[in-house]
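Everything on this sheet refers to the single structure shown next.
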Amino acid sequence: MAFITEKQLEDTLDVPINLPLTQIVANDWLIVATVNLSISNPTSLTLRWLQLRTLDSYGAGSGSLSLGLFKDFNLNQTPWTQTPVEPLLALPFPVVTPTVLQRNAYSPLTITASTPGIYSFVLGFYLTTTPSDPIQYVRATVNGQLRIDINPT
Numbered sequence: 048m049a050f051i052t053e054k055q056l057e058d059t060l061d062v063p064i065n066l067p068l069t070q071i072v073a074n075d076w077l078i079v080a081t082v083n084l085s086i087s088n089p090t091s092l093t094l095r096w097l098q099l100r101t102l103d104s105y106g107a108g109s110g111s112l113s114l115g116l117f118k119d120f121n122l123n124q125t126p127w128t129q130t131p132v133e134p135l136l137a138l139p140f141p142v143v144t145p146t147v148l149q150r151n152a153y154s155p156l157t158i159t160a161s162t163p164g165i166y167s168f169v170l171g172f173y174l175t176t177t178p179s180d181p182i183q184y185v186r187a188t189v190n191g192q193l194r195i196d197i198n199p200t
């Protein structure tokens with residue numbers, strides 16, 4: 048029979064990943080959350096749940112709204128030119144609203160200290176065409192849960 052010891056409970060931290068209702072404009076991105084995984088401290092990260100919810104959008108053109116987890120995200124580059132750790136949660140623009148997209152909660156992603164780095168959740172809105180109207184936006188929220196295990200066994 049499996050049970051949780053007091054030591055395991057002390058070494059486990061569940062961290063919410065939350066972005067309240069946010070309006071993101073075309074060809075822009077923002078960092079929702081960042082976690083530093085160091086090799087000096089044996090730690091593992093487990094992404095259990097991640098959800099992207101759109102409420103509405105405005106504008107014409109075509110593109111995508113995406114949410115991804117990136118290792119050592121380069122702030123001098125856009126997210127659509129970098130490689131995510133796992134497939135992006137992506138919706139085509141213009142989005143049919145409201146829309147909810149989430150990763151499979153039954154197959155958690157675990158990252159160990161053997162792959163140290165700074166892991167960032169990034170939300171981006173990229174347009175592949177440039178419409179005549181300069182205003183393009185999507186209003187969205189992000190929710191998720193990340194488990195941090197210190198001294199995993």
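Counting in the working numbering, the sequence shown runs from 48 upward without gaps. Ideal Cβ placement from N, Cα and C applies to all residues, glycine included. The structure presented is a predicted model; accordingly, all values stated were derived computationally and were not measured.
When burial is assigned at 16 or more other CB atoms within 10 Å of the CB, is V79 buried or exposed?
buried
Which residues bound the alpha helix (DSSP H) around Q55?
That run of the alpha helix (DSSP H) goes 53-57.
Run of the beta strand (DSSP E) containing L122, from where it starts to where it stops:
Here L122 belongs to no beta strand (DSSP E), and DSSP marks it neither H nor E.
R194 to D180 span [Cα, whole Å]:
42 Å
Among the candidates I64, R186, L92, whose CA atom is the shortest distance from the CA of P141?
R186
Taking the alpha-carbon positions, what's the K54 to T90 distance?
14 Å
Which first and last residues belong to the beta strand (DSSP E) in which S91 is found?
90-105
Please return the same chain residues whose Cβ sits closer than 7 Å to the Cβ of G164, not counting the five positions on each side in sequence.
L84, K118, D119
What residue from T101, E133, G110, T52 has the CA that sits closest to Y166's CA?
E133
Helix, strand or coil for T205, going by three-state DSSP, please let me know.
Because the chain spans 48 through 200 in this model, residue 205 falls outside it and cannot be assessed.
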